[in-house]
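> So that we are looking at the same thing, I have put the structure below in C-alpha cells.
Numbering (our numbering), first residue to last: 5 to 200.
Have a look at this one:
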C-alpha cells in the first residue's frame with residue numbers, strides 16, 4: 005500500500021513537472037509584453053476625415069493584420085478589430101467612445117481605455133501577479149484585481165498630470181488572455197481587460 009501511494013505521488017509529480025515544462029512562461033510573458041508595446045500604435049496617428057477619426061498609419065484590415073498578425077490568431081484579431089473599430093467602407097475608424105474622446109467631448113483618456121488593451125496599467129502587471137497555466141490545449145494568463153498605482157493620492161503632481169486625464173491614483177485590473185501555440189510561437193486568441 006505504501007509503495008503504491010509513493011508510486012502514485014511520484015507519477016503525479018512527474019506528470020505535473022513535465023506538463024509545466026510544455027509552457028515556456030518566460031516566452032509567453034515576453035510575447036504578451038511585446039504585444040502590449042505594439043498594440044498602443046493602433047490608438048495613435050489620429051486622422052480626421054469624412055466625419056470620423058481613424059489611425060492614419062494603420063486603418064485597413066491588411067495593415068492591422070500585418071502589424072499585429074505575429075502576435076494573434078485570426079480569432080484574436082477579429083476580437084481586437086471588433087473591440088476598437090467600426091468598418092467604414094475599406095477603412096477602420098475608431099469606435100464611438102474613442103471618437104467622443106478625440107472630439108474633445110467630456111471624456112477622459114483613462115476612462116475610454118480602462119477596459120481595453122490600451123489600458124496603460126496592463127504593462128504594470130508583474131509576472132508574479134499572473135497565473136499561467138495550460139487548459140484544454142490553450143495557455144491562459146489570469147490576473148485578478150491587481151492594484152495598479154498611477155500616483156500617490158496626496159501628490160499634487162500626480163493629480164495635475166494623471167488625474168486630469170482621468171487616471172485614478174489606484175485602479176484594480178483583472179486580465180484574461182487565452183493563447184495557443186503554433187509550430188513557432190504563442191499567439192493570442194482572446195484578451196479581456198476589466199478595471200474596477
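Positions of the beta carbon are idealized from the N, C-alpha and C atoms, including for glycine.
Suppose you measure from the CA of residue 44 to the CA of residue 182; what does that come to, to the nearest Å?
Counted from its first residue, the chain shown places residue 44 at position 40. Counted from its first residue, the chain shown places residue 182 at position 178. If you take the alpha carbons of residue 44 and residue 182, they lie about 19 angstroms apart.
> Residue 93: buried (16+ other C-beta within 10 angstroms of its C-beta) or exposed?
Translated into the one-based positions of the chain shown, residue 93 becomes position 89. With fewer than 16 Cβ atoms within 10 Å of its Cβ, residue 93 is classed as exposed.
> In this structure, does DSSP put residue 69 in helix, strand or coil?
For the purposes of this step, residue 69 is taken as residue 65 along the chain shown, with counting starting at 1. DSSP places residue 69 in helix when its eight states are reduced to three.
> Please report the distance separating the alpha-carbon of residue 107 from that of residue 48.
Numbered from its first residue, the chain shown carries residue 107 at position 103. Numbered from its first residue, the chain shown carries residue 48 at position 44. Cα to Cα, residue 107 sits roughly 14 angstroms from residue 48.
> Since residue 179 contacts residue 145 with CB under 8 angstroms, what's their CB separation in whole angstroms?
In the chain shown, counting from the first residue as 1, residue 179 sits at position 175. In the chain shown, counting from the first residue as 1, residue 145 sits at position 141. 7 angstroms between Cβ atoms; contact.
> Among the residues of its own chain, which have a CB less than 7 angstroms from the CB of residue 99, if the five just before and after it don't count?
By 1-based counting over the chain shown, the position of residue 99 is 95. Closer than 7 angstroms at the Cβ level, and outside the excluded window around residue 99, lie 88, 89, 90.
> According to DSSP, is residue 51 part of a helix, a strand, or is it coil?
Residue numbering aside, residue 51 sits at position 47 when the chain shown is read from its first letter. If DSSP states are grouped into helix, strand and coil, residue 51 belongs with the strands.
> For the alpha helix (DSSP H) holding residue 1, just list the boundary residues, first then last.
Residue 1 falls outside the range modelled here, since the chain spans only 5 to 200, and no answer is possible.
> Taking the beta strand (DSSP E) that residue 149 belongs to, which residues open and close that run?
Within the chain shown, residue 149 is the residue found at index 145, counting from 1. Start and end: 142 to 153.
> With burial defined as no fewer than 16 other Cβ atoms inside 10 Å of the residue's Cβ, what is the status of residue 63: buried or exposed?
Reading the chain shown from its first residue, position 59 is the one you call residue 63. Residue 63 should be labelled buried.
> Out of 157, 156, 147, state which residue places its alpha-carbon closest to the alpha-carbon of residue 130.
If you number the chain shown from 1, residue 130 lands on position 126. Measuring from the Cα of residue 130, the nearest candidate turns out to be 147.
> Starting from residue 32, follow the alpha helix (DSSP H) in both directions and report where the run begins and ends.
Mapped onto the chain shown, residue 32 falls at position 28. Looking at the DSSP string, the run of the alpha helix (DSSP H) that includes residue 32 is 29 to 43.
> Would residue 191 pass as a contact of residue 69 if the rule is Cβ separation under 9 angstroms?
Taking the first residue of the chain shown as position 1, residue 191 is located at position 187. Taking the first residue of the chain shown as position 1, residue 69 is located at position 65. Taking 9 angstroms as the Cβ cut-off, residue 191 and residue 69 do not qualify as a contacting pair.
> Indicate whether the contact test is met: 3 or more Cβ pairs, each with one atom in the segment 163 to 178 and one in the segment 111 to 130, closer than 8 angstroms.
Enough Cβ pairs lie closer than 8 angstroms, so yes.
> For residue 134, count the other beta carbons within 10 Å of its own beta carbon; 16 or more makes it buried, fewer makes it exposed. Which is it?
Here residue 134 is taken as the residue at index 130 of the chain shown, counted from 1. Buried: at least 16 other Cβ atoms inside 10 Å.
> Comparing C-alpha positions only, which one of 86, 67, 50, 60 sits nearest to residue 195?
If you number the chain shown from 1, residue 195 lands on position 191. It is 86 whose Cα lies nearest to the Cα of residue 195.
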